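Novice: Quick one: the structure is below, questions incoming.
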Amino acid sequence: LGMRIAKLDPVHGFAAETGAAMVLMATAHIGLPVSTTHTITSSVMGVGAVNRLSAVRWGVTRRIVYAWIFTLPGAALLAMLLYSVLSFFV
Numbered sequence: 004l005g006m007r008i009a010k011l012d013p014v015h016g017f018a019a020e021t022g023a024a025m026v027l028m029a030t031a032h033i034g035l036p037v038s039t040t041h042t043i044t045s046s047v048m049g050v051g052a053v054n055r056l057s058a059v060r061w062g063v064t065r066r067i068v069y070a071w072i073f074t075l076p077g078a079a080l081l082a083m084l085l086y087s088v089l090s091f092f093v
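In our numbering, the protein residues as written are 4 to 93.
Printed below as a string of structure tokens:
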């Protein structure tokens, strides 16, 4: 994941993983459900952008963000469709 979004040295990878772990522990302590994948991906983007913004491959990042945006409504529509179809049989 790190090499597709931004080229990371081991120390930068460690920083990304540590930052993501801290966010995940804090949100778990509060009781907020967050996605581990989204958290780690965002931390890799952040670490990549620290040195310079051009270090982040924004084309890959854009596709990831689009996937995040369309996942929730897509899952909701699919669940609605499945419920509608299955309700005829139950």
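Glycine included, C-beta positions come from ideal geometry on N, C-alpha and C.
All values derive from a computational prediction rather than experimental measurement.
(1) Would you kindly check if the distance between the Cβ of leucine 11 and the Cβ of glycine 51 is under 8 Å?
(2) Buried or exposed, going by whether 16 or more other CB atoms sit within 10 Å of the CB of methionine 48?
(3) At which residues does the alpha helix (DSSP H) containing leucine 85 begin and terminate?
(4) Using the rule of at least 16 other Cβ atoms within 10 Å of the residue's Cβ for burial, across every protein chain shown, is isoleucine 8 buried or exposed?
(5) Could you please give me the residues that DSSP links to alanine 9 through a beta bridge?
Specialist: Looking at the atomic coordinates:
(1) Here residue 51 refers to the residue found at position 48 of the sequence shown. Here residue 11 refers to the residue found at position 8 of the sequence shown. Yes. Within cutoff.
(2) By one-based count along the sequence shown, residue 48 stands at place 45. Buried is the call here.
(3) Taking the first residue of the sequence shown as 1, we reach residue 85 at position 82. Here the alpha helix (DSSP H) through leucine 85 covers 61–90.
(4) On the sequence shown, position 5 is the one that residue 8 refers to. Counting Cβ neighbours within 10 Å, isoleucine 8 comes out buried, since at least 16 surround it.
(5) Within the sequence shown, numbered from 1, the residue matching residue 9 stands at position 6. In DSSP, alanine 9 forms a bridge with Val59.
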